[in-house]
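Read top to bottom, the protein sequences are chains A and B. Numbered per this note's numbering, the first sequence spans residues 1 to 337. Numbered per this note's numbering, the second sequence spans residues 1001 to 1337. Even for Gly, the Cβ is constructed at its ideal location relative to N, Cα and C. Report on the structure given below.
2 protein chains.
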Amino acid sequence: MTAPIVITMGDACGIGPEIIAKAFASGAAQGAVVMGDAAVMRRALALTGQGTSLAVLERASDAAACPPNCVPLLQATGLPGDLLQAPMGQVDARAGAAAGACITQAVSLVRAGEASAIVTAPIHKEALAAAGITHPGHTEMLQALAAEPGRPLPPVRMMLANDELRTVLVTIHMSLRRAIDAVTYEAVLETLRIADRAARSFGLASPRIAVAGLNPHAGEGGLFGDEELRIIGPAIEAARAEGIAASGPYAPDTVFMRARHTASHPSEFDLVVAMTHDHGLIPVKYLGVEQGVNVTLGLPFVRTSPDHGTAFDIAGTGRADPASLIAALRMARQLSA
Amino acid sequence: MTAPIVITMGDACGIGPEIIAKAFASGAAQGAVVMGDAAVMRRALALTGQGTSLAVLERASDAAACPPNCVPLLQATGLPGDLLQAPMGQVDARAGAAAGACITQAVSLVRAGEASAIVTAPIHKEALAAAGITHPGHTEMLQALAAEPGRPLPPVRMMLANDELRTVLVTIHMSLRRAIDAVTYEAVLETLRIADRAARSFGLASPRIAVAGLNPHAGEGGLFGDEELRIIGPAIEAARAEGIAASGPYAPDTVFMRARHTASHPSEFDLVVAMTHDHGLIPVKYLGVEQGVNVTLGLPFVRTSPDHGTAFDIAGTGRADPASLIAALRMARQLSA
């Protein structure tokens, strides 16, 4: 029997607990277990009014025996005692500390083999910072938790995927000017290795990886920039020499269309490696942000998350849409099967 | 009665003449007139085998009287005598010279009020260059032809549009590194003015213009680049002070999704101003390049074109798809109505 997926509760003042409650009520989270706080989750169940109840478990493996309409929870330890006092929709150090504790304990669970994958509900980076956690976000925190003692951090990359398209990003949260400098031979080649390894672990035998250029028309032979000739092309060649089915660099404006997969439009590629945050995310989000799933590649376990934040503006109203969390659960199930 | 739309023949060695023949055969070009060469167009009619015949006109206004299944043509003057000898699918100075002459004469026609708009079939910039024409493309050539003697060139911008989305670009054919430098206060403000004026001329009373940022998350308050704070934000403020309904800067990865217009997803904005070629073109092309239309804004006349090139690889086979040319004709008709 497979171990359950563990869902981290996220920031208690954001929509995380509410979308988790809704995902269980819909049946889409059946078999998963929440790492969080019982009082916060009970409040979320009341806020969303879905008639579900909470079951505080001793062991993750008990989740399978949990009846429908029941949210199985592992009580995270060491949480602030007055967590429920943190006001909804606001940055609060208590919520940041609790969110961090849930992530740490979820990683322990999956590394012990008691969970099969981690799905993370949204956290707020200012709340983390207020709690003295220096990681700017999930990815960096998971990377640190996944590192072997005394060894360098494992290189990771962000993949954003929906049913039609998967993109893996060479650079993410930095200015476009810095991103251009960060597009190095090593960074592109490492991204191709991570993307290839991950796609094989998803069950693709020889993943067809398209590499988008950095410049308009992929540089038009050097006329509109030479990064394709100096950096991206050689990195693709090196990856091919390692047996990776990478091709390109292709013009950024048409490669995503070519990689789009629908019943009537079979894709030419299994995934696209994009040089910048927005080249990669614009096409995934274009048809609707609610189906986008964020996957961290390169970790020694599967981690997915919904592609949105804590939505403080609607936290506590019960109106948050669980669609992206449900898509993240579905993706985690596929990737860890 | 409105004057006809004039379609320039494009590069005689590319797919231009064939897609023009197919557009007329489908009925979609009814009422338009071709500026081109009779022998080249007769060859295209034979290649596409659509049973249409050619009518060489004296005056553009005779196009309206042309029966269906007939392609009305104005014979461009001063073309190379051996134009038919230029081999299909290859760069040829004769084809470049002819393409240039057709554009020049089409502009004269529209400036004389004998045509209502220009739709340009694809040209090949190397063929233009081989013919000694120094303009790198249509846009620059039309800009020069539109300039008043002794006055500076009119500032123009490229718009790419389909039925769901319109984007106007601040920068186009240059490296991403140079594009970042070209995102100036003046360039953004001028783009907003051109976009607003054009959208009003298309019949929108107070066009809602969304401005996409340059950096991920539109700079995240300066954390990922400061162009939004230093340049783009102030340019939006200045445009608003001039009565332009501009807003932003918005995160590039979600603004296009928000501007996408379908029956079930009404758009929040009428058009998006994008800082870079690929931010703007990735979403327009994502659902299929065949419906994208390129519109040059800022000229004293309407000019549209299909969003593809000469496709030398299939020129002469009769297989080229006229869908984008047909979309360009429809757009030109709307914009010049």
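First and last residue of the uninterrupted alpha helix (DSSP H) at residue i
i, result
"A/Val-188", "185-201"
"A/Gly-233", "233-241"
"A/Met-35", "First-last for A/Met-35: 33-36, but that is the beta strand (DSSP E), not the alpha helix (DSSP H)."
"A/Thr-139", "138-146"
"A/Ser-324", "323-336"
"B/Pro-1072", "Run containing B/Pro-1072: none in the alpha helix (DSSP H); it sits in the beta strand (DSSP E), 1070-1075."
"B/Ile-1180", "1176-1182"
"B/Ile-1020", "1016-1025"
Proximity test, Cβ basis, 9 Å: residue i and chain B
i, result
"A/Arg-157", "no"
"A/Lys-22", "no"
"A/Ile-172", "yes"
"A/Ile-314", "no"
"A/His-217", "yes"
"A/His-124", "no"
"A/Arg-260", "yes"
"A/Pro-322", "no"
"A/Ala-12", "no"
"A/His-279", "yes"
"A/Arg-319", "no"
"A/Ala-179", "yes"
"A/Asp-226", "yes"
"A/Pro-252", "yes"
"A/Phe-256", "yes"
"A/Thr-296", "no"
"A/Thr-276", "yes"
"A/Tyr-286", "yes"
Residue closest to residue i, alpha-carbon to alpha-carbon, out of the options
i, options, result
"A/Leu-73", "A/Pro-152, A/Glu-237, A/Leu-79 and A/Ala-63", "A/Ala-63"
"A/Leu-71", "A/Gln-85, A/Ala-44, A/Lys-125 and A/Met-88", "The question names Leu, but residue 71 of chain A in the sequence shown is Val. Out of A/Gln-85, A/Ala-44, A/Lys-125 and A/Met-88, A/Ala-44 has the C-alpha closest to the C-alpha of A/Val-71."
"A/His-279", "A/Pro-300, A/Arg-330, A/Met-257 and A/Glu-148", "A/Met-257"
"B/Gly-1049", "B/Phe-1024, B/Met-1035 and B/Leu-1079", "B/Phe-1024"
"B/Asp-1313", "B/Gly-1016, B/Ile-1005, B/Ala-1003 and B/Val-1006", "B/Gly-1016"
"B/Leu-1169", "B/Ala-1212, B/Met-1141 and B/Tyr-1185", "B/Ala-1212"
"A/Val-302", "A/Tyr-286, A/Val-183 and A/Gln-143", "A/Gln-143"
"B/Met-1331", "B/Val-1295, B/Ser-1206 and B/Ala-1199", "B/Val-1295"
"A/Val-34", "A/Pro-207, A/Pro-80 and A/Val-110", "A/Val-110"
"A/Leu-325", "A/Pro-4, A/Ala-28 and A/His-173", "A/Ala-28"
"B/Arg-1200", "B/Gly-1051, B/Ala-1046, B/Gln-1334 and B/Gly-1031", "B/Gln-1334"
"A/Arg-177", "B/Arg-1197, B/Ala-1195 and B/Leu-1223", "B/Leu-1223"
"A/Arg-208", "A/Ala-259, A/Asp-163 and A/Ala-179", "A/Ala-259"
Unbroken beta strand (DSSP E) run spanning residue i, endpoints
i, result
"A/Pro-252", "Element bounds for A/Pro-252: not the beta strand (DSSP E) but the alpha helix (DSSP H), 252-259."
"B/Cys-1102", "Counting along the chain, B/Cys-1102 falls outside any beta strand (DSSP E), though it belongs to the alpha helix (DSSP H) covering 1093-1111."
"A/Ile-118", "117-120"
"A/Ser-305", "302-306"
"A/Val-211", "209-212"
"B/Val-1170", "Segment: none, B/Val-1170 is in no beta strand (DSSP E) and carries neither H nor E."
"A/Ala-161", "157-161"
Residue i classed as buried or exposed, judged by whether at least 16 other C-beta atoms fall within 10 angstroms
i, result
"B/Leu-1214", "buried"
"A/Gly-14", "buried"
"B/Thr-1134", "exposed"
"B/Glu-1018", "buried"
"A/Pro-283", "buried"
"A/Leu-153", "exposed"
"A/Ala-146", "buried"
"A/Glu-228", "buried"
"B/Asp-1181", "exposed"
"B/Pro-1136", "exposed"
Proximity test, Cβ basis, 9 Å: residue i and chain A
i, result
"B/Thr-1008", "no"
"B/Arg-1059", "no"
"B/His-1265", "yes"
"B/Gly-1137", "no"
"B/Ser-1175", "yes"
"B/Pro-1283", "yes"
"B/Phe-1301", "no"
"B/Leu-1214", "yes"
"B/Glu-1220", "yes"
Proximity test, residue i beta-carbon vs the ligand HEM heavy atom, cut-off 8 Å
i, result
"A/Leu-192", "Here there are no bound small molecules, and the ligand HEM is not part of this structure."
Query raised in the report: Is there contact between the stretch 79-99 of chain A and the stretch 270-289 of chain A, where contact requires at least three CB pairs shorter than 8 Å?
Result: Output reads no: the stretch 270-289 of chain A does not touch the stretch 79-99 of chain A.
Query raised in the report: Is there contact here, the stretch 125-133 of chain A with the stretch 315-325 of chain A, by at least three beta-carbon pairs under 8 Å?
Result: Taking a cut-off of 8 Å for Cβ pairs, the stretch 125-133 of chain A and the stretch 315-325 of chain A do not touch, as fewer than three such pairs fall below it.
Query raised in the report: Is it a yes or a no for the stretch 117-125 of chain A touching the stretch 154-174 of chain A, going by three-plus beta-carbon pairs under 8 Å?
Result: Touching, no.
Query raised in the report: For the stretch 321-334 of chain A against the stretch 1290-1302 of chain B, are there 3 or more C-beta pairs whose distance is under 8 Å?
Result: No, because fewer than three Cβ pairs between the stretch 321-334 of chain A and the stretch 1290-1302 of chain B fall closer than 8 Å, the two stretches do not touch.
Query - Contact between the stretch 42-59 of chain A and the stretch 73-84 of chain A (3+ Cβ pairs under 8 Å) - result: With a cut-off of 8 Å, the stretch 73-84 of chain A and the stretch 42-59 of chain A count as touching, because enough Cβ pairs lie within range.
Report task. Could you say if the stretch 227-242 of chain A and the stretch 179-190 of chain A meet the contact criterion of at least three C-beta pairs nearer than 8 Å? Result -> A contact is defined here as three or more CB-CB pairs under 8 Å, and the stretch 227-242 of chain A meets this definition with respect to the stretch 179-190 of chain A.
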